[in-house]
Amino acid sequence: MAAAEPAPVPIRLLLSVAPFVCGLLLVVTGYLGWQERLRRNRFAGVRTSATMRSEDAFRVANRVAGLPVLVAGLVGILTGVLTLAMSTESAVVVTVIVGLLGLVVIGLAGGLLGHRAAAATATPSGPAGCPSCVGCGGGGCALR
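Just so we're aligned: the sequence shown equals residues 148 to 291 in the numbering used here.
Here's what the structure looks like:
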């Protein structure tokens with residue numbers, strides 16, 4: 148039986164970078180969300196129609212999703228490190244596929260939990276007054 152082909156170091160480096168970098172980004176995002184320090188923004192966090200409806204919904208969603216997203220990030224970092232330690236091509240490929248699959252599944256589960264938590268929060272009430280009012284309290288629109 149022939150020995151398995153050793154994986155070249157440049158290939159291992161290249162395949163370890165993507166899960167490692169994705170993992171770092173998810174760890175930071177998950178931690179900030181979990182600690183309620185992630186502000187509503189255009190790029191990071193659980194971003195669905197339910198979570199973007201208010202600051203409170205965004206905060207609750209990312210608090211709930213924070214720990215699973217952080218764990219998904221740790222899976223990505225571990226995948227990147229283990230990829231460097233693997234010696235054969237088949238081990239490298241299996242490690243990357245299983246690690247990225249775990250990262251995606253855990254991250255999506257966290258996002259789904261966050262979305263459900265945001266959907267369960269109360270809908271913010273609009274200002275009193277006419278429907279086009281920006282917050283005059285019901286009396287300023289008549290002054291036009």
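Ideal Cβ placement from N, Cα and C applies to all residues, glycine included. This one's a predicted model, so the numbers in the text were calculated from it and none came from an experiment.
* To do: Verify whether the separation of the beta carbon atoms of residue 187 and residue 271 is less than 8 Å.
  => Walking along the sequence shown from the start, residue 187 turns up at place 40. Walking along the sequence shown from the start, residue 271 turns up at place 124. Taking 8 Å as the Cβ cut-off, residue 187 and residue 271 do not qualify as a contacting pair.
* With 16 other Cβ atoms within 10 Å as the buried cut-off, status of residue 159 -> Here residue 159 corresponds to residue number 12 of the sequence shown, with the count starting at 1. Burial check for residue 159: the Cβ neighbour count within 10 Å reaches 16 or more, so the residue is buried.
* Asked: Which whole-angstrom value is the C-beta distance of residue 254 and residue 172, which I expect to be below 8 Å?
  -> By one-based count along the sequence shown, residue 254 stands at place 107. By one-based count along the sequence shown, residue 172 stands at place 25. 11 Å between Cβ atoms; not a contact.
* For residue 271, which of helix, strand or coil comes out of DSSP? -> For the purposes of this step, residue 271 is identified with residue 124 of the sequence shown, where counting begins at 1. It is coil, neither helix nor strand.
* **Selection from 224, 205, 235 that minimises the alpha carbon distance to residue 157** => By 1-based counting over the sequence shown, the position of residue 157 is 10. Comparing alpha carbon positions, the residue from 224, 205, 235 closest to residue 157 is 235.
* Per DSSP, residue 153 forms a beta bridge with which residues? -> Here residue 153 is taken as the residue at index 6 of the sequence shown, counted from 1. Looking at the DSSP assignment, residue 153 forms a beta bridge with 235.
* 8 Å Cβ cutoff met for residue 176 and residue 261 -> The residue labelled residue 176 in the question sits at position 29 within the sequence shown. The residue labelled residue 261 in the question sits at position 114 within the sequence shown. No.
* Under 8 Å, do residue 213 and residue 180 count as touching if we go by C-beta distance? -> The count along the sequence shown starts at 1 and reaches residue 213 at position 66. The count along the sequence shown starts at 1 and reaches residue 180 at position 33. Yes.
* Complete beta strand (DSSP E) runs within the region 217-264 (minimum length 3 residues, chain order) -> Counting whole runs of 3 or more residues, the region 217-264 contains no beta strand (DSSP E) stretch at all.
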